[in-house]
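Chemist: Residue numbers (our numbering), protein chains in the order written: chain A, 838 to 1365; chain B, 185 to 378.
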Amino acid sequence: MAAIPGGADHAHDHAHDHPSGIMRWVTTTNHKDIGSMYLWFSFAMFIVGGIMAMVIRAELFEPGLQVVDPDRFNQMTTLHGLIMVFGAIMPAFVGFANWMIPLMIGASDMAFARMNNWSFWLLPPAAILLTTSLLVPGGAAASGWTLYPPLTVQMGMGMDMAIFAVHILGISSIMGSINIVTTILNMRAPGMTLMKMPLFCWTWLITAYLVIAVMPVLAGAVTMILTDRHFGTSFFNAAGGGDPVLYQHIFWFFGHPEVYIIAIPAFGVVSQVIPAFSRKPLFGYASMVYATSSIAILSFIVWAHHMYTVGMPVAGQLYFMFATMLIAIPTGVKVFNWVATMWRGSLSFETPMLFSIGFLFLFTLGGFSGLVLSMTAVDVQLHDSYYVVAHFHYVMVAGALFSAYAGAYYWLPKWTGHMYDEKLGKLHFWLSLVFFNMTFFVQHFLGLAGMPRRIPDYALQFAEFNMISSIGAFGFGLSQLVFLVVVLKCLKGGEKASAKPWDGAEGLEWTVPSPAPHHTFETPPIIK
Amino acid sequence: MTKEASVEADGRNRSTLIRLVVSAFLMFGFGYALVPFYDKLCQVLDINNLNKQDTDVPLNTQVDRSRSVTVEFDANVLKMPWSFKPVSSSVVVHPGEIATVEYEVSNTLPTAMTGQAIPSYTPTQAGQYFQKLECFCFQQQTLAAGETRVMPIAFLVSPSLPKDIGTITLSYTFFEVPGATAAAPGDSRRAGGG
Chain A
838 MAAIPGGADH AHDHAHDHPS GIMRWVTTTN HKDIGSMYLW FSFAMFIVGG
888 IMAMVIRAEL FEPGLQVVDP DRFNQMTTLH GLIMVFGAIM PAFVGFANWM
938 IPLMIGASDM AFARMNNWSF WLLPPAAILL TTSLLVPGGA AASGWTLYPP
988 LTVQMGMGMD MAIFAVHILG ISSIMGSINI VTTILNMRAP GMTLMKMPLF
1038 CWTWLITAYL VIAVMPVLAG AVTMILTDRH FGTSFFNAAG GGDPVLYQHI
1088 FWFFGHPEVY IIAIPAFGVV SQVIPAFSRK PLFGYASMVY ATSSIAILSF
1138 IVWAHHMYTV GMPVAGQLYF MFATMLIAIP TGVKVFNWVA TMWRGSLSFE
1188 TPMLFSIGFL FLFTLGGFSG LVLSMTAVDV QLHDSYYVVA HFHYVMVAGA
1238 LFSAYAGAYY WLPKWTGHMY DEKLGKLHFW LSLVFFNMTF FVQHFLGLAG
1288 MPRRIPDYAL QFAEFNMISS IGAFGFGLSQ LVFLVVVLKC LKGGEKASAK
1338 PWDGAEGLEW TVPSPAPHHT FETPPIIK
Chain B
185 MTKEASVEAD GRNRSTLIRL VVSAFLMFGF GYALVPFYDK LCQVLDINNL
235 NKQDTDVPLN TQVDRSRSVT VEFDANVLKM PWSFKPVSSS VVVHPGEIAT
285 VEYEVSNTLP TAMTGQAIPS YTPTQAGQYF QKLECFCFQQ QTLAAGETRV
335 MPIAFLVSPS LPKDIGTITL SYTFFEVPGA TAAAPGDSRR AGGG
């Protein structure tokens, strides 16, 4: 942790006393410190979740049972999902928000600095609960990250630990989001109207509202599971008159907006990076804002497309199918605008731009397979198959993760004061791109051929593609260590970064020196 | 920032905070409100009603209601101190219709004994149209000393039964399975197969 940007030297450029050592990080209320902690935490969880993915792919390397027993396998898929969604991707973007939003809108810090500290320090206990649940009798939750009853009502204490972890992660993200909304609404520099904000701030404003609206619903759903387990209620317990399908409705009321909680900040990052390396302002800024808002609103009315096979009336299936397809329109607007931004731009292909273009292609592909899945007649065949796994990894990995990498490379010079190693960065991108597609593209075909997800064994005809997928996954996992090397190298030294190392970049964050001093914009800048 | 401006900003932040915290709590309640909401919705739309009796019981279209067959039951024991008789001596069924009848058997001996019932049909060619779904003759029966047992047969007569057969007689004969308690498997099979 001592290697975090601007560790020791900042204690001096600043008037009042500053705890040093570990207490500096425990007690910090500085948005940059907290942002860095969020980013390191999410990377650590990304490695933990990644190791679980490696176990899954090792088991699926060949047909038959080799590496883990089926129960462990299910625990791996469950924790991999929970950790990647709540421990890696969401905190990563909250880290970006903490670091960049005050810098982008000319605020001195987040609105509630102490609450900010709290929302970070809730994360490690939740991570410990989730990971140590593997060691308790009966093992960790093995129901899949969606935590469907009746399995979740029956499992051992690992399930309770997962429920409490979800509670804590939920409280943390709600607190973080309250902070972000308040900061953006109240703390913008004079002259910075909402429609002058960088798009990243807009996307986070919308995302934060989504978090405040749906994370409490998830908290309610898992609380119902908890009371069904221990306090004799029967929300989902069929023996007591409950209904397991009810859980799916409540869960996906949270779950579908959650997809956009992950994707929308990714849109925001890409909307900063693509104009910078196209040396053109973002095409259709206002339409981007409206498209993002439409996606957010639509995300509340499409949840049951995750559950076409529960036995919904046909009218319901048709409604959810058409409503889901509607989302393709604002998403199409966004993709169009990104392409139009690049159109006739003076493009250069530094690592952040490469990751953004990778995002653009692969996220669109993931969106397209999502459109295929939205068709209820098709989905009945593909439901819970590897096609679904391929689809959401295109959206989550090539979408959210690639965009997070784009943002990390883009702002690393601002965070550390040094340029990262461009050669290694490009190596990281190309390895990730190739191995990502090797891992997940073949899974489309596995799914179409009928291979179900969350099963540790499979029929022999799926063997070749699973082996290709596993080799790709091991390659992808190892390639991510290149990123760690890049960041560590960048922290230690490298070419000095100027205040604005990217000539096409726009925004207030590039008006402060690199690395960004501990305190910035104590006097708000005036925006014309 | 001046002192007044910062105080004003704090006030605005606090009111935003309160509104957002209240929203979060309301959404927590909303999650719970979905429970009665879905309940009502299902009631109004009459979907997912698990307590409703199925009114349209699927009709068995395999039943040939145009004719009836009389099935008579007969019971014998071969050199066994068992009494064995059908509870009802005959039933009338439509071909394709599932019927259940019972036989009563009792062991008059003061020791346990094992027997195996073997069916035979009259007329003989009716046997292939007589399908038993459940029968005491599927297993050997061991009766304790003095025990009486009522045993079911569930059967149907195939609709493809030739039209000229109006009566089928089903006759069971109980054979002793010699030394069943200590017998080798081969012995019991021989006895059962007799």
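In this text, a Cβ means the ideal position worked out from N, Cα and C, and glycines have one as well.
Remember, predicted model here, so these are calculated numbers, not experimental data.
Can you tell me whether DSSP reads B:Tyr222 as helix, strand or coil?
Modeler: helix
Chemist: If the cut is a Cβ gap below 8 Å, which residues of chain B does A:Ala1050 touch?
Modeler: Ser207 and Met211
Chemist: Nearest CA to the CA of A:Ile965: which residue from A:Leu1047, A:Tyr1247, A:Met1061 and A:Leu916?
Modeler: For the set A:Leu1047, A:Tyr1247, A:Met1061 and A:Leu916, the Cα lying nearest the Cα of A:Ile965 is the one of A:Leu916.
Chemist: Excluding the 5 residues preceding and the 5 following A:Pro1081 in the sequence, name in chain order all residues of the same chain whose CB lies nearer than 8 Å to its CB.
Modeler: Tyr985, Pro986, Pro987, Phe1073 and Ala1075
Chemist: Tell me the rounded alpha-carbon separation between B:Leu201 and A:Trp955.
Modeler: 15 Å
Chemist: Under a Cβ-count criterion, where at least 16 other Cβ atoms within 10 Å of its own Cβ denotes burial, should A:Met927 be classed as buried or exposed?
Modeler: buried
Chemist: Is there at least one Cβ from chain B nearer than 8 Å to A:Ile884's Cβ?
Modeler: no
Chemist: Please report the straight-line C-alpha distance between A:Val1234 and A:Tyr1156, rounded to a whole angstrom.
Modeler: 29 Å
Chemist: Rounded to the nearest angstrom, what separates A:Gly1092 and B:Gln246 at their Cα positions?
Modeler: 48 Å
Chemist: Taking 8 Å as the cut-off, decide whether the C-beta atoms of B:Leu345 and B:Pro303 are in contact.
Modeler: no
Chemist: Mind checking if B:Ile202 is an interface residue toward chain A, Cβ cutoff 8 Å exclusive?
Modeler: no
Chemist: Distance cutoff 8 Å, beta carbons only. Does A:Leu1345 sit that close to anything in chain B?
Modeler: Interface criterion not met: the Cβ of A:Leu1345 is under 8 Å from no Cβ in chain B.
Chemist: For A:Ser784 versus A:Val1106, is the C-beta spacing smaller than 8 Å?
Modeler: The first residue shown for chain A is 838 and the last is 1365, placing residue 784 of chain A beyond what the model contains.
Chemist: List the residues of chain A whose Cβ lies closer than 7 Å to the Cβ of B:Val219, in chain order.
Modeler: Phe1072 and Leu1083
Chemist: At the level of alpha carbons, what is the spacing between A:Ala1237 and A:Phe1196?
Modeler: Taking C-alpha positions only, A:Ala1237 is separated from A:Phe1196 by approximately 8 Å.
Chemist: Please state whether DSSP places B:Pro355 in a helix, a strand or coil.
Modeler: The amino acid at residue 355 of chain B is misidentified as Pro; the sequence shows Ser. In the structure shown, B:Ser355 sits in a strand (DSSP, three-state: E or B).
Chemist: For A:His923, return the contacting residues in chain B, with the cut-off set at a CB-CB distance below 9 Å.
Modeler: One detail in the question is off: residue 923 of chain A reads as Phe in this sequence, not His. Under the 9 Å cutoff, chain B gives no residues; its nearest Cβ is about 17 Å from A:Phe923.
Chemist: When you compare only the Cα positions, how much space is there between A:Ile888 and A:Gly981?
Modeler: 17 Å
Chemist: Under 8 Å Cβ-Cβ, which residues of chain A neighbour B:Ala193?
Modeler: Asn1023 and Met1024
Chemist: Taking Cβ positions only, does A:Ala948 come closer than 8 Å to chain B?
Modeler: yes
Chemist: Where does A:Asn1074 fall in DSSP's three states?
Modeler: coil
Chemist: Compare the beta carbon distance of A:Gln1109 and A:Leu1042 with 8 Å and say whether it is the shorter of the two.
Modeler: no
Chemist: Could you say which of A:Ile1111, A:Val1170 and A:Ala963 lies nearest to A:Leu1184 if we only look at CA atoms?
Modeler: The residue with the shortest Cα to Cα distance from A:Leu1184 is A:Ile1111.
Chemist: Is A:Ile1062 helix, strand or coil by DSSP?
Modeler: Three-state result, A:Ile1062: helix.
Chemist: Hey, quick one: how far does the alpha helix (DSSP H) through B:Phe320 stretch, first residue to last?
Modeler: No alpha helix (DSSP H) holds B:Phe320; DSSP gives it neither H nor E.
Chemist: Is the Cβ-Cβ distance between A:Gly1203 and A:Val1170 less than 8 Å?
Modeler: no
Chemist: Please report how far the alpha carbon of A:Phe1088 lies from the alpha carbon of B:Glu286, in whole angstroms.
Modeler: Cα to Cα, the separation comes out at about 53 Å.
Chemist: Considering only the alpha carbon of each residue, which of A:Trp1252, A:Asn1274 and A:Tyr1246 lies closest to A:Gly1262?
Modeler: Among A:Trp1252, A:Asn1274 and A:Tyr1246, the Cα nearest to that of A:Gly1262 is on A:Tyr1246.
Chemist: From A:His1142 to A:Asp1065, what does the alpha carbon distance come to, in whole angstroms?
Modeler: 26 Å
Chemist: Please give the ranges of any alpha helix (DSSP H) in the region 924 to 950 of chain A, keeping only runs that are unbroken, at least 4 residues long and fully inside the region.
Modeler: If only complete runs of 4 or more residues are kept, the region 924 to 950 of chain A shows the alpha helix (DSSP H) at 927 to 942, in order along the chain.
Chemist: Taking only three categories from DSSP, how would you classify B:Leu340?
Modeler: strand
Chemist: Check the Cβ-Cβ distances between A:Val1054 and every residue of chain B, and say whether any is below 8 Å.
Modeler: yes
Chemist: Would the beta-carbon of A:Ile1138 fall within 8 Å of that of A:Pro1167?
Modeler: no
Chemist: CB B:Tyr313 to CB B:Ser342, shorter than 8 Å?
Modeler: yes
Chemist: Count the CB pairs spanning the region 1012 to 1026 of chain A and the region 987 to 1003 of chain A that are closer than 8 Å, and state whether there are at least three.
Modeler: no
Chemist: With a cut-off of 8 Å, does the C-beta of A:Ile1011 fall near any C-beta of chain B?
Modeler: yes
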